[in-house]
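Chemist:
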Amino acid sequence: MAKAHHIVFANEKGGTGKSTTAIHVAIGLASRGARVACLDLDSRQRTLYRYLENRRDTMARRDINLPLPVFDVFEQESQARLEEQIARLEADSDFLIFDTPGRDDPYARFVATRANTLVTPINDSFIDFDLMGRVDAENFKVKKLSFYAELMWEARMARARADGTTIDWVVLRNRLHNMEARNQQRMTDAIAELSKRAGFRVVPGLNERVIYRELFPSGLTLVDKGHLGNLGTAHIVARQELRELVSALALPEFAQPQLV
121 MAKAHHIVFA
131 NEKGGTGKST
141 TAIHVAIGLA
151 SRGARVACLD
161 LDSRQRTLYR
171 YLENRRDTMA
181 RRDINLPLPV
191 FDVFEQESQA
201 RLEEQIARLE
211 ADSDFLIFDT
221 PGRDDPYARF
231 VATRANTLVT
241 PINDSFIDFD
251 LMGRVDAENF
261 KVKKLSFYAE
271 LMWEARMARA
281 RADGTTIDWV
291 VLRNRLHNME
301 ARNQQRMTDA
311 IAELSKRAGF
321 RVVPGLNERV
331 IYRELFPSGL
341 TLVDKGHLGN
351 LGTAHIVARQ
361 ELRELVSALA
371 LPEFAQPQLV
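Okay, here's the thing in structure tokens:
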């Protein structure tokens, strides 16, 4: 029996839209009919877990049916316990989605090495870029990979040697429209250069929108069009961004959820 496709959202820096993106990808896949399970590795904040709890509560309160992944939280007990949870969740799933803490975490590193698709969202700024690589202060050319990029590179090489599996590493550029044009071009050039060295793909992510924060208490997402009331132009554009993001991930079998 084939194992679930592991999608790991990981970034050692917080505030990059990691959990928001993970939630929307999970619900997008589930809305298409994929069997989706989610595991939140951040036992302190539990953003993904709480979001799906809110979604479950909204379904009961409104007496409505919504696509809802199986979800759990890892309590940071031991790697053996983590492996048990993974085995249980992936047994009946097409996709197993991990949300990891916005800090250096040994369990996050472990699931990253076992990922099929590794997604690293970053805000489009050189502050976030510093996690991936160092640039020259004068010409913004990449000087070297950072510790995190080197770690991911080594993990991908080790995985390839161990079982011949290639980890598809995807860097999402979030909040693209918040940058001045010249700085955005500098970021574009630096990320393109770094991607050749570190071996990741670059895709556009999600822009900063108030609606993402407003949806958290209800657990609804932009996928849930029929339950959001009248959508403004900005919300329709956001849904298109999400369609393009999920398509760009190039996931197997359910690669392009129909967000209707």
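Numbering-wise, our numbering comes out as the position in the sequence shown, counting from 1, plus 120. Ideal placement from N, C-alpha and C gives every residue a C-beta, glycine not left out. Quantities reported herein were computed from a predicted structural model and do not represent experimental measurements.
How far does the alpha helix (DSSP H) with residue 303 in it extend, from its first residue to its last?
Modeler: One-based indexing of the sequence shown puts residue 303 at position 183. 301-318 is the span of the alpha helix (DSSP H), which, as asked, contains residue 303.
Chemist: I need the DSSP call for residue 263, collapsed to helix, strand or coil.
Modeler: Here residue 263 corresponds to residue number 143 of the sequence shown, with the count starting at 1. Strand, per DSSP.
Chemist: Got a sec, what are the start and stop residues for the alpha helix (DSSP H) residue 207 sits in?
Modeler: Stepping through the sequence shown from its first residue, residue 207 is reached at position 87. Per DSSP, residue 207 belongs to the alpha helix (DSSP H) from 199-210.
Chemist: Nearest CA to the CA of residue 148: which residue from 157, 343, 364?
Modeler: Sequence index remark: in the sequence shown, residue 148 carries index 28 (1-based). Looking at the Cα atoms, 343 is the closest of the given residues.
Chemist: Looking at C-alpha atoms only, which residue of 260, 164, 211, 233 is the closest neighbour of residue 276?
Modeler: Sequence index remark: in the sequence shown, residue 276 carries index 156 (1-based). Of the candidates 260, 164, 211, 233, the one whose C-alpha sits nearest the C-alpha of residue 276 is 233.
Chemist: Flag this pair as touching only if the region 155-173 and the region 207-215 have three or more C-beta atom pairs under 8 Å; answer yes or no.
Modeler: Counting Cβ pairs under 8 Å, three or more are found: they touch.
Chemist: What whole-angstrom Cβ distance do residue 168 and residue 142 have, given they're in contact under 8 Å?
Modeler: Residue numbering aside, residue 168 sits at position 48 when the sequence shown is read from its first letter. Residue numbering aside, residue 142 sits at position 22 when the sequence shown is read from its first letter. Rounded, the Cβ-Cβ distance is 6 Å, consistent with contact.
Chemist: Excluding the five sequence neighbours on either side, which residues of its own chain have a C-beta within less than 6 Å of the C-beta of residue 236, listed in chain order?
Modeler: Against the sequence shown, residue 236 aligns to sequence position 116. For residue 236, where only same-chain residues beyond five positions count, the Cβ hits under 6 Å are 125, 126.
Chemist: Work out the CA separation of residue 316 and residue 324 for me, nearest whole Å.
Modeler: Against the sequence shown, residue 324 aligns to sequence position 204. Against the sequence shown, residue 316 aligns to sequence position 196. For residue 324 and residue 316, the distance between alpha carbons rounds to 17 Å.
Chemist: Residues in the same chain with beta-carbon distance under 6 Å from residue 291, minus the five sequence neighbours each way, listed in chain order, please.
Modeler: Residue mapping note: residue 291 aligns to position 171 of the sequence shown, counting from 1. Excluding positions up to five away in sequence, the list reads 240, 320, 322.
Chemist: Would you kindly work out how many angstroms separate the C-alpha atoms of residue 375 and residue 289, rounded to a whole number?
Modeler: Against the sequence shown, residue 375 aligns to sequence position 255. Against the sequence shown, residue 289 aligns to sequence position 169. Note on residue 375: pLDDT 43, under 50, position unreliable in the model; no value is reported.
Chemist: Cβ of residue 191 within 7 Å of Cβ of residue 172?
Modeler: Counting from one through the sequence shown, the residue named residue 191 turns up at place 71. Counting from one through the sequence shown, the residue named residue 172 turns up at place 52. Yes, Cβ-Cβ distance for residue 191 and residue 172 is below 7 Å.
Chemist: Following the continuous beta strand (DSSP E) through residue 143, name the residue where it begins and the one where it ends.
Modeler: Residue mapping note: residue 143 aligns to position 23 of the sequence shown, counting from 1. No beta strand (DSSP E) contains residue 143, which is instead part of the alpha helix (DSSP H) from 138-152.
Chemist: Taking 8 Å as the threshold, find out whether the region 352-361 comes into contact with the region 327-334 through three or more Cβ pairs.
Modeler: These segments touch.
Chemist: Do you know whose CA, among 366, 309, 247, lies nearest residue 259's CA?
Modeler: Within the sequence shown, residue 259 is the residue found at index 139, counting from 1. It is 309.
Chemist: Are the beta-carbon atoms of residue 231 and residue 218 separated by less than 7 Å?
Modeler: As a first step, residue 231 is located in the sequence shown; it is residue number 111 there, counting from the start. As a first step, residue 218 is located in the sequence shown; it is residue number 98 there, counting from the start. Contact flag set, yes.
Chemist: For residue 198, which option in 189, 188, 228 has the closest C-alpha, if you only look at C-alpha atoms?
Modeler: Working through the sequence shown from its first residue, we reach residue 198 at position 78. When each option's Cα is compared against that of residue 198, the closest is 228.
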